[in-house]
Amino acid sequence: MLGWSGAVIGGAREASASRDGRAASGSECGTSHRPNLAAESGESSVRDYDRIMVDFARSARSTLGVEWELALLDSRSLDLTPAAETLLADVAEHAPEFEKHIVGEMLTNTIELVTGVHTQVSTVADDLATSLGALRTLTEARGVELMSAGTHPFAQWQSQEVRAKDRYLELVDRTQWWGRNMLIFGVHVHVGIDSRDKVLPIVNALLAYVPHLQALSASSPFWGGTDTGYASNRAMMFQQLPTAGLPFQFDAWADYEKYVDDMLTTGIIDNINEIRWDIRPAPHWGTVEVRVCDGLPTLEEILAVTAFIQCLVDDMSERLDAGETLPTMPDWFHNENKWRAARYGMDAIIIENAAADERLVTECLADEVERLTPVAERLGCVDELHSITSIIERGVPYQRLQKVFGTTGSLTEVTRSLIGDLRNSYS
1 MLGWSGAVIG GAREASASRD GRAASGSECG TSHRPNLAAE SGESSVRDYD RIMVDFARSA
61 RSTLGVEWEL ALLDSRSLDL TPAAETLLAD VAEHAPEFEK HIVGEMLTNT IELVTGVHTQ
121 VSTVADDLAT SLGALRTLTE ARGVELMSAG THPFAQWQSQ EVRAKDRYLE LVDRTQWWGR
181 NMLIFGVHVH VGIDSRDKVL PIVNALLAYV PHLQALSASS PFWGGTDTGY ASNRAMMFQQ
241 LPTAGLPFQF DAWADYEKYV DDMLTTGIID NINEIRWDIR PAPHWGTVEV RVCDGLPTLE
301 EILAVTAFIQ CLVDDMSERL DAGETLPTMP DWFHNENKWR AARYGMDAII IENAAADERL
361 VTECLADEVE RLTPVAERLG CVDELHSITS IIERGVPYQR LQKVFGTTGS LTEVTRSLIG
421 DLRNSYS
């Protein structure tokens with residue numbers, strides 16, 4: 001996402017632990033992986049400046065940025081193709097104005113579209129459509145098709161190539177089999193937060209909407225040629241990585257800073273971006289980043305989800321300004337909700353609140369669309385928010401894919417339908 005700026009981390013930091021958690025030669029159990037400044041100076045406790053401080057760049061309230069991961073397919077076989085480096089070189093040569101908007105990802109079969117900063121969903125649409133059109137011109141010349149879903153229906157993870165970037169190679173080296181299995185695609189939505197004090201309450205409250213977003217975006221029932229029985233197999237896959245999955249619920253920014261400090265001290269992360277939660281603070285951008293969603297096949301679905309997230313965050317921000325305490329639920333409810341939505345999609349019965357009330361996720365979504373309509377009117381995204389209703393009526397992505405497979409028995413045809421969905425959404 002382009003345009004936001006701000007410092008992220010300040011404070012002293014020396015060498016951290018081995019990234020894989022193994023003891024280095026000559027190390028001792030229980031030994032700190034950074035110098036104890038207090039001990040070296042003769043003081044009785046670690047001095048405050050040895051703690052990591054996480055600065056949060058202030059952003060205009062409810063501004064937007066979207067990242068959309070697209071799969072690159074061979075136009076004949078419809079299997080994934082490692083064309084990213086070639087296409088990125090084409091962008092640099094033929095469309096350099098898009099170099100910050102069309103970027104690479106971990107695998108050479110993936111291109112990500114990155115928007116600038118926007119105040120309205122409608123201009124996000126224009127941004128994505130423009131970048132998609134530029135990319136489409138280049139892919140057609142290379143015999144490459146585009147699709148977006150949480151996973152490719154039949155591609156094999158063993159055949160995929162990791163980009164030769166240190167951070168990706170280190171991730172795979174550390175996580176091994178699970179890291180190599182990350183044949184997944186997603187959509188990330190950033191929403192600007194105008195005060196650091198709002199960030200954690202909003203992250204905590206947004207956890208209740210993980211099942212709504214996961215069910216609505218679920219598009220990965222097939223993985224590696226197998227019907228997984230899940231609406232979103234991507235959700236189950238991605239949480240296998242260290243620091244991925246649902247976030248911890250922190251009450252104070254200092255608690256979050258302590259967590260980051262601990263992760264750096266023990267070598268679990270080298271960079272704050274390696275905290276890969278489904279919903280996370282993005283301090284450098286001054287946003288909350290929602291990373292729950294599977295890759296979405298159409299621009300309409302991208303915009304519907306973006307509008308829903310923007311309305312939720314803006315509503316929460318306004319309620320905090322009014323002095324309200326946002327509701328939360330226990331972690332065990334959130335864990336169960338995530339699993340139910342990944343497994344059953346739109347048929348999931350989810351836990352709505354701390355009182356353990358349960359309802360069908362489709363009923364909850366309908367109520368949220370109605371409740372958030374005044375917010376959408378203020379933000380200028382009523383049409384996009386209301387399109388959630390029509391998307392549900394005709395079938396969310398995983399339901400459409402299952403229908404194609406039920407009719408044809410062919411995962412190649414399932415893949416072809418995804419290509420058609422993307423083409424039809426912007427042509």
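Here the sequence shown is numbered in UniProt numbering, starting from 1 and rising by one per residue. Built from N, CA and C at the ideal position, the CB exists for glycine as well. Quantities reported herein were computed from a predicted structural model and do not represent experimental measurements.
The beta carbon of Arg51 sits closer than 8 Å to those of Gly11, Glu257, Lys258 and Asp261, all from its chain and outside the five residues before and after it, given in chain order.
As computed with DSSP, Thr228 is found in no beta bridge at all. The alpha-carbon of Ser220 is positioned some 11 Å away from that of Pro297. Annotation: Thr119 to Ser62 spans about 7 Å, alpha carbon to alpha carbon.
In this structure, Thr287 sits near Gly192, with a CB-CB distance shorter than 8 Å. For Glu377, the three-state secondary structure derived from DSSP is helix.
Leu138 and Ile102 have their C-alpha atoms roughly 11 Å apart. With fewer than 16 other CB atoms across the displayed protein chains lying within 10 angstroms of its CB, Gln156 is exposed.
For Glu112, the closest of Asp347, Leu128, Glu93 and Gly420 by C-alpha to C-alpha distance is Leu128.
Using a Cβ-Cβ distance cut-off of 8 Å, the stretch 197 to 209 and the stretch 237 to 250 are in contact, since at least three pairs of beta carbons, one from each stretch, lie closer than that value. Here DSSP, grouped into helix, strand and coil, assigns Thr407 to helix. Between Ala125 and Leu299, the beta carbon gap of about 7 Å places them in contact (Cβ cut-off 8 Å). Excluding residues up to 5 positions away in sequence, Ile193 and Pro281 lie with their Cβ nearer than 6 Å to the Cβ of Val199 in the same chain.
Contact between the stretch 397 to 411 and the stretch 219 to 234 is present, with at least three C-beta pairs closer than 8 Å. Assignment of Gly345 by DSSP, reduced to helix, strand and coil, places it in the helix class. When the beta-carbon positions are compared, Met237 and Arg163 stay at least 8 Å from each other. Looking from the CA of Glu161, the closest CA among Ala141, Met182, Gly150 and Arg142 belongs to Met182. Counting C-beta atoms within 10 angstroms of its own C-beta, Asn337 has 16 or more neighbours from the protein chains shown and is therefore classed as buried.
Contact between the stretch 141 to 153 and the stretch 69 to 85 is present: three or more C-beta pairs spanning the two stretches fall below 8 Å.
Scanning Leu135, Arg58 and Ser59 for the CA closest to the CA of Ala95 turns up Leu135.
Collapsing the DSSP output to three states places Ile272 in a helix.
By a beta-carbon distance limit of 8 Å, Arg359 contacts Ile350. Their separation comes to about 7 Å. When Ile275, Pro374 and Ser131 are compared, the shortest CA-CA separation from Gln310 is found for Pro374.
For Asp197, no beta strand (DSSP E) segment is defined; the enclosing uninterrupted segment is the alpha helix (DSSP H) at Arg196 to Leu206. When the Cα atoms are used, Leu372 and Val305 turn out to be separated by approximately 13 Å. Straight-line spacing of the CA atoms in Glu352 and Val292 works out to 18 Å. Boundaries of the beta strand (DSSP E) harbouring Gly104: Ile102 to Gly104, taken from the DSSP string.
Listed as beta-bridge partners of Arg280 by DSSP are Glu289. No Cβ-Cβ contact shorter than 8 Å links Ala84 with Thr123. In this structure Pro153 is in contact with Thr415, their Cβ atoms being roughly 5 Å apart against a cut-off of 8 Å. With a threshold of 16 other beta carbon atoms within 10 Å, Asp421 meets it and is buried.
Gln214 counts as buried, since no fewer than 16 other beta carbons sit within 10 angstroms of its beta carbon.
DSSP places Trp177 in the uninterrupted alpha helix (DSSP H) bounded by Trp177 to Arg180. Residue pairing by DSSP places Ala244 opposite Arg276 in a beta bridge. Excluding residues up to 5 positions away in sequence, Val66, Val290, Thr306 and Ile309 lie with their Cβ nearer than 6 Å to the Cβ of Val189 in the same chain.
Residue environment analysis places Ser59 among the buried positions, since at least 16 neighbouring C-beta atoms fall within 10 angstroms of its C-beta.
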